[in-house]
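Heads up, the numbering used here is the position in the sequence shown plus 303, with the first residue counted as 1. The beta-carbon is built from N, C-alpha and C at its ideal position, and this holds for glycine as well.
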Amino acid sequence: MLTLSHSSMPYPTAPKGVGGWLRFFIVVVCIIGLARVFAAVYELENTPGVPDLAGWETYRLAMYVGGIGSVVMMFWLAYILSKGEQMSLRNDAIKILWIAGPVLLIAAGAVMQRSIPDAQVFNYLIPGLLATTFWTTVWTIYFLKSKRVANTYWKKH
């Protein structure tokens, strides 16, 4: 097993560990994601006539599965980021961000659109999709460029 010293980190004098923006990401992003799922479902369930639409149960199930699936992936990501130091975690984090964000939103939207074709789901989802894509891009750049991230996830094995 290869043992590396602190001086062999990419940026020996830069911060290391889960702190700053990395801690913010791990804690706040997960909580915001969970709150957004329940707020969206609550809003639609309390919109007059929506729960009476044919296909509403499939639509609602897709919202829950997509939203909760995304949040579960984010909590899992937060867990692995807080426990490891392997360099591969940085790339794993980026993949999970894209799957839990834009990819899962598009997949859930497709199921919702199919369940209630007249709902024009993607018109409703486009602002959220743009926001999710923007923030996923920001966090991707952070994970690729941050000295703290490079120092925290620096072990090859």
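Proximity to residue i [Cα-Cα], best of the options
| i | options | result |
| --- | --- | --- |
| V330 | P354, N394, A381 and V353 | A381 |
| K319 | E388, I409, F437 and I402 | E388 |
| V375 | L337, T439, T350 and M415 | L337 |
| G404 | R393, T440 and I383 | T440 |
| G267 | S418, L408, P315 and R451 | Missing from the structure shown is residue 267; the chain here goes from 304 to 460 and no further. |
| E395 | T443, N426 and Y314 | The amino acid at residue 395 is misidentified as Glu; the sequence shows Asp. Checked all of T443, N426 and Y314; the closest Cα to D395 is T443. |
| D462 | V353, Y456 and I402 | No statement about residue 462 is possible, as the shown extent of the chain runs from 304 to 460 and does not include it. |
| Y345 | Y456, G370, T316 and T455 | G370 |
| F328 | S449, M415, N426 and A410 | S449 |
| I409 | I397, V424 and W457 | V424 |
| M366 | D355, V406, M415 and I402 | M415 |
Where residue i sits in the DSSP three-state scheme
| i | result |
| --- | --- |
| Q423 | coil |
| K386 | helix |
| L307 | With a pLDDT of only 46 at L307, under the threshold of 50, the placement of this residue in the model should not be trusted; the figure read from the coordinates follows. Note: L307 maps to coil in three-state DSSP. |
| K458 | strand |
| T440 | helix |
| G322 | coil |
| P313 | coil |
| S418 | helix |
| F328 | helix |
| F446 | helix |
Straight-line Cα distance separating residue j from residue i
| i | j | result |
| --- | --- | --- |
| Y445 | T436 | 14 Å |
| H447 | A453 | First, the amino acid is wrong: residue 447 is Leu here, not His. When rounded, the distance between both Cα atoms is 8 Å. |
| L384 | I335 | 18 Å |
| N349 | A343 | 10 Å |
| L433 | G412 | 13 Å |
| M390 | F378 | 19 Å |
| R451 | P351 | 49 Å |
| R326 | L428 | 28 Å |
| F341 | V368 | 11 Å |
| R393 | K386 | 13 Å |
| G372 | Y314 | 35 Å |
Checklist entry - Which whole runs of the beta strand (DSSP E) in the region 340-415 are 3 residues long or more, in chain order? => result none
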